[in-house]
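Numbering (mature numbering (1 follows the signal peptide of the UniProt record, and there is no 0)), first residue to last: -25 to -1, 1 to 129.
Cβ coordinates follow ideal geometry from the N, Cα and C atoms, glycine included.
Only one structure is covered here, and it is reproduced in the block below.
This is the structure we're talking about:
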């Protein structure tokens, strides 16, 4: 065995011991979204969730189709009304506002939230909770229960 081959095998073994092998790589965001959707009774739009997760991974921001409550109010929206009743907001969703976590049901962190599966009309109970630390949770029952989304890659 050549010295180079011996070193390569040792480096590969070390990588596996440290959990850096392909078997331990983070799942694709599509797979992570599918897993969370299955775990929540198939109540989520997997494609939208995967797209949001990828956007957060790449830029730390929600996709452009999300507006904060303040931005929505500045465009003419009023809480309790359909976001899509404002022409400039048609097709958008509420997202990016601070989530207080007053009941301490999530780990301590600086949380923000985003509506999921919004299709106009009254806002539903589905939310993505996300933090700059990279942790992400989904609730489909308006903060009664939470399911953590595993870290994922593009």
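What number of angstroms, rounded off, separates the C-alpha of residue i from the C-alpha of residue j?
i	j	result
residue 95	residue 2	31 Å
residue 76	residue 40	24 Å
residue -4	residue 6	Unreliable positioning characterises residue -4 in this predicted model, as indicated by a pLDDT of 44, which lies under 50. The coordinate reading is nonetheless provided below. Their backbone Cα atoms lie some 15 Å apart in a straight line.
residue 50	residue 69	12 Å
residue 34	residue 27	11 Å
residue 61	residue 44	13 Å
residue 129	residue 118	27 Å
residue 42	residue 67	7 Å
residue 113	residue 32	16 Å
residue 127	residue 108	13 Å
residue 48	residue 4	32 Å
Within this structure, are the beta carbons of residue i and residue j separated by less than 7 Å?
i	j	result
residue 106	residue 84	yes
residue 18	residue 115	yes
residue 80	residue 90	no
residue 52	residue 37	no
residue 122	residue 14	yes
residue 21	residue -1	no
residue 124	residue 29	no
residue 130	residue 104	Shown here, the chain extends from -25 to 129; a query on residue 130 therefore has no answer.
What would DSSP say about residue i, mapped onto helix, strand or coil?
i	result
residue 124	coil
residue -3	Confidence is the limiting factor: at residue -3 the pLDDT is only 43, short of 50, which leaves the residue's position unreliable, though a coordinate-based value still follows. Three-state DSSP puts residue -3 in a helix.
residue 52	coil
residue 29	helix
residue 72	strand
residue 111	strand
residue 46	helix
Tell me which residue opens and which closes the beta strand (DSSP E) that residue i is part of.
i	result
residue 20	Unbroken run through residue 20: none, as it is neither H nor E.
residue 102	102 to 106
In the DSSP assignment, what are the bridge partners of residue i?
i	result
residue 86	74 and 106
What are the start and end residues of the alpha helix (DSSP H) that includes residue i?
i	result
residue 6	4 to 14
Are any of the Cβ atoms in chain C nearer than 7 Å to that of residue i?
i	result
residue 86	The chain labelled as chain C is not found in the depicted structure, where only one protein chain is given.
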